[in-house]
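S.K.: Position 176 of the sequence shown, counted from 1, bears residue number 175 in numbering that gives the first Met the number 0, the numbering being contiguous throughout.
Beta carbons: idealized from backbone N, C-alpha and C, even for Gly.
Just so we're clear, the structure is a prediction, and the values are computed from it rather than from any experiment.
My questions will all concern the structure given below.
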Amino acid sequence: MLFRSREVSFSLNGEGAFRHLQFESGGHRVQRVPQTETQGRIHTSAATVAVLPEPEDVEIEIRTEDLQIDVMRSGGPGGQHQNKTESGVRITHLPSGIVVNCRDERSQHKNKAKAMRILRTRLYDQIHENARNQRDQARRTLIGSGDRSQRIRTYSFPQNRVTDHRIGLTLYNLDQIIQGDLLGLTKALIDHDRREQLGDA
Numbered sequence: 000m001l002f003r004s005r006e007v008s009f010s011l012n013g014e015g016a017f018r019h020l021q022f023e024s025g026g027h028r029v030q031r032v033p034q035t036e037t038q039g040r041i042h043t044s045a046a047t048v049a050v051l052p053e054p055e056d057v058e059i060e061i062r063t064e065d066l067q068i069d070v071m072r073s074g075g076p077g078g079q080h081q082n083k084t085e086s087g088v089r090i091t092h093l094p095s096g097i098v099v100n101c102r103d104e105r106s107q108h109k110n111k112a113k114a115m116r117i118l119r120t121r122l123y124d125q126i127h128e129n130a131r132n133q134r135d136q137a138r139r140t141l142i143g144s145g146d147r148s149q150r151i152r153t154y155s156f157p158q159n160r161v162t163d164h165r166i167g168l169t170l171y172n173l174d175q176i177i178q179g180d181l182l183g184l185t186k187a188l189i190d191h192d193r194r195e196q197l198g199d200a
């Protein structure tokens with residue numbers, strides 16, 4: 000049974016993983032002769048790739064000077080504490096504009112602690128949402144439109160050839176590369192990038 004998918008996402012872990020794969024983003028063109036092709040004609044297909052580093056978890060630091068804390072009369076179902084004590088708490092996080100109100104508890108201290116927990120959670124969500132948006136934008140930039148002018152590499156199965164168009168590198172070991180032996184290819188790209196940064200390319 001042949002499995003087809005328009006999009007595949009996966010993660011790789013290991014020392015130097017991003018360093019070796021960071022230049023794989025872009026359009027990849029494949030030239031092959033399918034087993035069902037009786038005339039031996041070469042078929043061309045393409046895929047776009049985006050390689051992004053895994054973001055590290057974020058520590059939430061809330062500074063006292065970034066908070067505006069107001070107290071208010073407690074709400075609730077009624078009773079002797081209703082509207083008599085200022086146990087309700089409203090915390091405004093000035094940098095983000097997030098406002099948290101908490102009047103569930105009769106104790107101002109408990110309401111403040113609960114409001115801080117909620118604020119921390121909302122800040123965490125906001126930071127991760129911003130990070131997701133940045134990653135989505137980076138992904139769109141990396142994969143481009145996928146048209147012919149943006150294709151970075153061609154894999155020719157009939158010739159057992161791989162050509163990286165950015166650095167003019169051609170290797171005749173596609174069979175080994177398909178099996179995972181990418182070192183010669185990735186090392187050439189890393190070396191080229193290093194020379195460019197030094198101004199020698």
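What residues match up with R160 in a beta bridge as DSSP calls it?
M.R.: Answer by DSSP bridge pairing, in chain order: S155.
S.K.: Identify the continuous alpha helix (DSSP H) that holds Q196 and give its terminal residues.
M.R.: It spans L182 to L197 - the alpha helix (DSSP H) in which Q196 sits, taken as one unbroken run.
S.K.: How big is the Cα-Cα spacing for T47 and H27?
M.R.: About 6 angstroms.
S.K.: Closer than 7 angstroms by C-beta to L51: which residues in its own chain qualify, once you throw out the five before and the five after it? Chain order, please.
M.R.: Cβ within range, chain order: R134, A137 and R138.
S.K.: Can you tell me which of the three DSSP states L170 falls into?
M.R.: It is a strand residue.
S.K.: Is it buried or exposed, V32, if we count other Cβ atoms within 10 angstroms and call 16 or more buried?
M.R.: So V32 counts as exposed.
S.K.: Compare the Cα-Cα distances from T91 to each of C101, S8 and I68 and report the closest residue.
M.R.: Among C101, S8 and I68, the Cα nearest to that of T91 is on I68.
S.K.: With 16 other CB atoms within 10 Å as the buried threshold, where does G15 fall?
M.R.: Looking at its Cβ environment, which holds fewer than 16 other Cβ atoms inside 10 Å, G15 is exposed.
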